[in-house]
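Under my numbering, the residues of the sequence shown are numbered 49 to 309, in order.
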Amino acid sequence: MGCMKTFVVGNWKMNLTVGESSLFLQKLQKKIKPAKNLEVVVAPSAIALQTLSLQLERNKSKIKLAAQNFHYRDYGAFTGEISVSQLHGIIKYAIVGHSERRHIFGETNREVKMKVAAAIRNNIRPIICIGETEGERASGETADVIRDQLLSSLSEIDVEDFKKVIIAYEPVWAISGGKSSRAAAPDEVIDVIRLIHTTLADTYGKEIEENIPVLYGGSVNADNAGAYLTMKGVNGLLIGGASLMSEPFCDIVETAKRVIA
Ligand code: PGA
Numbered sequence: 049m050g051c052m053k054t055f056v057v058g059n060w061k062m063n064l065t066v067g068e069s070s071l072f073l074q075k076l077q078k079k080i081k082p083a084k085n086l087e088v089v090v091a092p093s094a095i096a097l098q099t100l101s102l103q104l105e106r107n108k109s110k111i112k113l114a115a116q117n118f119h120y121r122d123y124g125a126f127t128g129e130i131s132v133s134q135l136h137g138i139i140k141y142a143i144v145g146h147s148e149r150r151h152i153f154g155e156t157n158r159e160v161k162m163k164v165a166a167a168i169r170n171n172i173r174p175i176i177c178i179g180e181t182e183g184e185r186a187s188g189e190t191a192d193v194i195r196d197q198l199l200s201s202l203s204e205i206d207v208e209d210f211k212k213v214i215i216a217y218e219p220v221w222a223i224s225g226g227k228s229s230r231a232a233a234p235d236e237v238i239d240v241i242r243l244i245h246t247t248l249a250d251t252y253g254k255e256i257e258e259n260i261p262v263l264y265g266g267s268v269n270a271d272n273a274g275a276y277l278t279m280k281g282v283n284g285l286l287i288g289g290a291s292l293m294s295e296p297f298c299d300i301v302e303t304a305k306r307v308i309a
């Protein structure tokens, strides 16, 4: 698979004030030493992005920023929204279609693909989240849901832009905060990781598939990170809860370093 990077992405969701975000990032900057082929990314609230971007720049840090969400149009009469073009120069990545966006805010596959196209148009790498709900898994629809979300998310972009895309598989039932959420055992999700790779290879060819990182997310913590990172076809992690505390998050980064060493 060449020298694909491993990604450790922390999604802070709607937590921390701007001041708290800045202090927390400062802690991470001190503790996390850069490593070859490892990309550490954090996704704070939109309101903190600019402050944190200046902070990282000032300290010449290798940590990168991601947006948690954005509007798919570049500008216009969309009160309360932020466009990815407005975030240009501040972020390198943007999470798209997170399950909370899909299931709490009703974001559809159509919106997701428009956002993916907007990110690419603005030279931001989209981290496209896909995943089945507990009900979909129980009724045997997982493969259809995954294929559908995956292929539709990529349907508005040119093949040469596929190298900018990152996929994050997050089974909705494994994301903490859900009613009955629990961490998935690696052998419960390995088939889906494989399905994502084969779907990409069958649809777009092996060369493209080999260059698209596939991350795993859902109740990842310092204890189980290694098990997911060593799964075949997993190129990194998307972490919610455990990314809000420096110790587990830095432990996960260290685990990633060991796995790629
Ligand atoms: P979690 O969140 O690690 O708290 O389960 C993951 C996510 O929502 O991306």
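The beta-carbon is built from N, C-alpha and C at its ideal position, and this holds for glycine as well.
Values in this document were obtained by computation on a predicted structure and should not be read as measured data.
Item: Heavy atom of ligand 1 within 7 Å of residue 182 beta-carbon; Value: no
Item: Simplified DSSP assignment, three categories, for residue 252; Value: helix
Item: Three-state secondary structure (DSSP) of residue 185; Value: helix
Item: Start and end residues, beta strand (DSSP E) containing residue 262; Value: 262-265
Item: Any 3 or more C-beta pairs closer than 8 Å across the region 119-134 and the region 75-92; Value: no
Item: Supposed contact pair residue 67 and residue 90 - C-beta distance, whole angstroms, cut 8 Å; Value: 16 Å between Cβ atoms; not a contact.
Item: Member of 52, 133 and 94 whose CA lies at the smallest distance from the CA of residue 168; Value: 133
Item: C-alpha distance - residue 274 paired with residue 235, whole-angstrom precision; Value: 14 Å
Item: Identity of the residue in 195, 257 and 230 nearest residue 269 by Cα; Value: 230
Item: Cross-strand partners of residue 112 (DSSP beta bridge); Value: 89
Item: Rounded C-alpha distance that separates residue 248 from residue 257; Value: 5 Å
Item: Whole-angstrom C-beta distance between residue 144 and residue 95, which should lie under 8 Å; Value: Actually they do not touch by this definition, with Cβ atoms about 19 Å apart.
Item: beta-carbon residue 117 near ligand 2 non-hydrogen atom, thresh 7 Å; Value: Among the ligands modelled here, namely ligand 1, ligand 2 does not occur.
Item: Heavy atom of ligand 1 within 7 Å of residue 266 beta-carbon; Value: yes
Item: Beta-carbon gap between residue 283 and residue 211 smaller than 8 Å; Value: no
Item: Segment limits, beta strand (DSSP E) that includes residue 59; Value: 54-59
Item: Residue 272 Cβ short of 7 Å to ligand 1 heavy atom set; Value: no
Item: Of the listed residues 62, 61 and 109, nearest to residue 73 (C-alpha basis); Value: 109
Item: CA nearest to the CA of residue 165, picked from 213, 69, 301 and 100; Value: 213
Item: Coarse secondary structure for residue 217, derived from DSSP in three states; Value: strand
Item: Own chain, CB closer than 7 Å to residue 129, minus 5 neighbours either side, in chain order; Value: 119
Item: Uninterrupted alpha helix (DSSP H) stretches inside the region 103-176 (no shorter than 4 residues); Value: 147-152 and 157-169
Item: With 16 other Cβ atoms within 10 Å as the buried cut-off, status of residue 298; Value: buried
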